[in-house]
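Since the structure comes first, as structure tokens, the remarks are kept for the end.
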Amino acid sequence: AQSVSQHNHHVILSEAASLELGCNYSYGGTVNLFWYVQYPGQHLQLLLKYFSGDPLVKGIKGFEAEFIKSKFSFNLRKPSVQWSDTAEYFCAVKAGGGYQKVTFGTGTKLQVIP
Amino acid sequence: GAVVSQHPSRVICKSGTSVKIECRSLDFQATTMFWYRQFPKQSLMLMATSNEGSKATYEQGVEKDKFLINHASLTLSTLTVTSAHPEDSSFYICSARLAGGLETQYFGPGTRLLVL
Chain A
1 AQSVSQHNHH
11 VILSEAASLE
21 LGCNYSYGGT
31 VNLFWYVQYP
41 GQHLQLLLKY
51 FSGDPLVKGI
61 KGFEAEFIKS
71 KFSFNLRKPS
81 VQWSDTAEYF
91 CAVKAGGGYQ
101 KVTFGTGTKL
111 QVIP
Chain B
115 GAVVSQHPSR
125 VICKSGTSVK
135 IECRSLDFQA
145 TTMFWYRQFP
155 KQSLMLMATS
165 NEGSKATYEQ
175 GVEKDKFLIN
185 HASLTLSTLT
195 VTSAHPEDSS
205 FYICSARLAG
215 GLETQYFGPG
225 TRLLVL
């Protein structure tokens, strides 16, 4: 079964700082990878996803993530964060092909200080 | 588009009673809906997968007789917590996958259950 690790539980950044949130997964086969975001008081929303093709995926609001197969990683990045990026971010992985459940990481709370 | 609603958003009940939570896809058809439980400072734990017109598939360790799931239509799935106990207090989140969609799930806002 696949598992997902998010090493940073709580990150505090100043506005305009660069962001990188780590995500590592364990599964040897083809995977689909996701980053979801949960803004305060709101429900989970898809930020970006990787199914195949270019391993550098661009999502909404200036976020991007890079799939590095050899490292089993799918780190989320943003060059310059804003106060409005304050939220909790969840990495998720699904074993590719047919029906498989999506496994979520424990989440990273990002706090951006104005 | 792709909005999922849950009702109620919060519920407080007495121990021993049953609580029903509804999950609706408002502007799309969802052949598959998922029910998650989220504990404080922990990840979303998949409880069960609900397919329209068939029995739900429960994850290991989830009691199907306690957490009854019904997916009667392409836009509605319900989770009933039967004979609720205080340890069932949690945040329950549903998600829906577009019929024929590429694995993307759309999440509801969650339901906070408190069992006294």
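Each protein sequence line maps, in turn, to chains A and B.
Residue 66 in the working numbering sits at position 66 of the first sequence, with consecutive numbering throughout.
Position in the second sequence (from 1) plus 114 gives the number in the working numbering.
Ideal Cβ positions, reconstructed from N, Cα and C, are used throughout, including at glycine.
Note that the coordinates shown come from a computational prediction; the quantities given were computed from them, not determined experimentally.
- Taking a 10 Å sphere around the C-beta of A/Tyr39, we find fewer than 16 other C-beta atoms and assign the residue as exposed.
- Burial of B/Ser164 is indicated by the presence of at least 16 other C-beta atoms within 10 angstroms of its C-beta.
- Annotation: B/Glu177 is outside any beta strand (DSSP E) and is labelled neither H nor E by DSSP.
- Here A/Glu20 carries a strand assignment [DSSP, helix/strand/coil].
- Of the residues A/Ala1, A/Ala16, A/Ser14, A/Glu20, the one whose Cα lies closest to the Cα of A/His7 is A/Glu20.
- A/Gly22 is outside the set of residues whose beta carbon lies under 8 Å from a beta carbon in chain B.
- The beta carbon of B/Gln219 falls within 8 Å of a beta carbon belonging to chain A, placing the residue at that interface.
- If you ignore the 5 residues before and after A/Glu88, its C-beta comes within less than 6 Å of the C-beta of Gln38, Gly107, Lys109, all in its own chain and listed in chain order.
- Residue pairing from DSSP places B/Asn184 in a beta bridge opposite B/Thr192.
- Within chain B, not a single residue places a beta-carbon under 7 Å from that of A/Gly53; the smallest gap is close to 13 Å.
- Annotation for B/Tyr172: Ala162, Lys178 place their beta carbon closer than 6 Å to its own, counting only its chain and skipping 5 residues before and after.
- In the three-state reduction of the DSSP assignment, A/Ser52 falls in the coil class, being assigned neither a helical nor a strand state.
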